[in-house]
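When you line the sequence shown up against the working numbering, it's residues 445 to 623, in that order.
A quick write-up on the structure given underneath.
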Amino acid sequence: KPGEPANDRQVRFRRHGQNYNISRTMLGPGSVVALHCKAHKRYLRLTNDAVLGSPPKAFGSLPASWMDDRFIVVGCSFSTVALWSPMHERFVRANGQAVDAKGGVKGVDKLPWHWRKERFTAVSVGGGELALHSKESGSFVAMEADGRVHAGGPRAEWDKLTDAQKKDARIRFRPLVIA
């Protein structure tokens, strides 16, 4: 059930009066993942410093040559994660309504403590999917049908969203754990 731990591999935590669930297997620190938007059949990808959707591809059919679509999950404080691209050596960030990687080249273990735009809460939304919430921008990462990615999804924390907002397919990503 969305909003509740699906199994013993999920961790439930409370932050600022809100309940969240994150999956240890979905976005475990150190894991390599690709994030797929089922609604648009695209993976989240980083090209230089731009974050966008890949060409359409079914979940699980990530070509070995698509290195732009792979991210290492970095565990941060307060149950947040950062997504680092080994191909471009950059962190994904939500900068206002933009989602990009313009913070500069950094090593996977070099996330500055004061970089808040690069931290996301991965909220389990059911069905093996998650939503990435940026406290800094106050909204969820969303992907449009044309592959544009932005932080213009619902502007509230998960527990404050309406049922319709929680069903918004643009903010739902299914992680493909690669390593």
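Each residue gets a CB set at the ideal place from its N, CA and C atoms; glycine is no exception.
Checklist entry - Ala608 to Leu574, Cα distance in whole Å? => result 16 angstroms
Checklist entry - How is Asp607 classed by DSSP in three states: helix, strand or coil? => result helix
Next on the checklist: According to DSSP, is Ala545 part of a helix, a strand, or is it coil?
Outcome noted: coil
Next on the checklist: Quick check on the burial criterion: 16 or more other C-beta atoms within 10 angstroms. Buried or exposed for Lys561?
Outcome noted: buried
Next on the checklist: Output needed for Leu506: all residues of its chain with C-beta closer than 7 angstroms, excluding positions within five of it in sequence on either side, in chain order.
Outcome noted: Ala478, Tyr487, Asp513 and Leu620
Checklist entry - Alpha carbon to alpha carbon, what distance is there between Lys485 and Lys554? => result 32 angstroms
Checklist entry - Sorted by chain position, which residues of the same chain lie with C-beta nearer than 7 angstroms to Val518's C-beta, five sequence neighbours on each side aside? => result Pro473, Val525, Ala526, Trp528, Val552 and Leu555
Next on the checklist: Once DSSP output is grouped into helix, strand and coil, what is the label at Arg599?
Outcome noted: coil
Checklist entry - Thinking C-beta only, is Ala595 closer than 8 angstroms to Ala545? => result no
Checklist entry - Do you know whose CA, among Ser523, His480 and Ser509, lies nearest Lys501's CA? => result His480
Checklist entry - Beta carbon of Val593, beta carbon of Val476: below 8 angstroms? => result no
Checklist entry - Skipping 5 residues on each side, what residues in its chain have a beta carbon closer than 6 angstroms to that of Ser578? => result Ala538, Phe564 and Ala595
Next on the checklist: Measuring alpha carbon to alpha carbon, tell me which residue in Glu588, Pro499 and Gly597 is nearest Ala483.
Outcome noted: Glu588
Item to check | Cβ neighbours of Ser498 in the same chain (closer than 8 angstroms, five flanking residues each side left out) | outcome: Arg486, Tyr487, Leu488, Arg489, Trp510, Asp512, Asp513 and Gly591
Item to check | Those residues which DSSP pairs with Ala575 across a bridge | outcome: Val567
Checklist entry - Which value, in whole angstroms, describes the spacing of the CA atoms of Ala586 and Ile615? => result 4 angstroms
Checklist entry - Which residues does DSSP pair with Leu496 in a beta bridge? => result Arg489 and Arg592
Checklist entry - Given Ile622, which residues of its chain have a CB within under 7 angstroms of its CB, disregarding the five upstream and five downstream residues? => result Val476, Val477, Ala478 and Arg514
Checklist entry - Mind checking Asn465: buried by the 16 CB within 10 Å criterion, or exposed? => result With a pLDDT of only 49 at Asn465, under 50, the local geometry of the prediction cannot be trusted, and the value read off the model is given with reservation. The residue in question, Asn465, is buried, as its Cβ has 16 or more Cβ neighbours within 10 Å.
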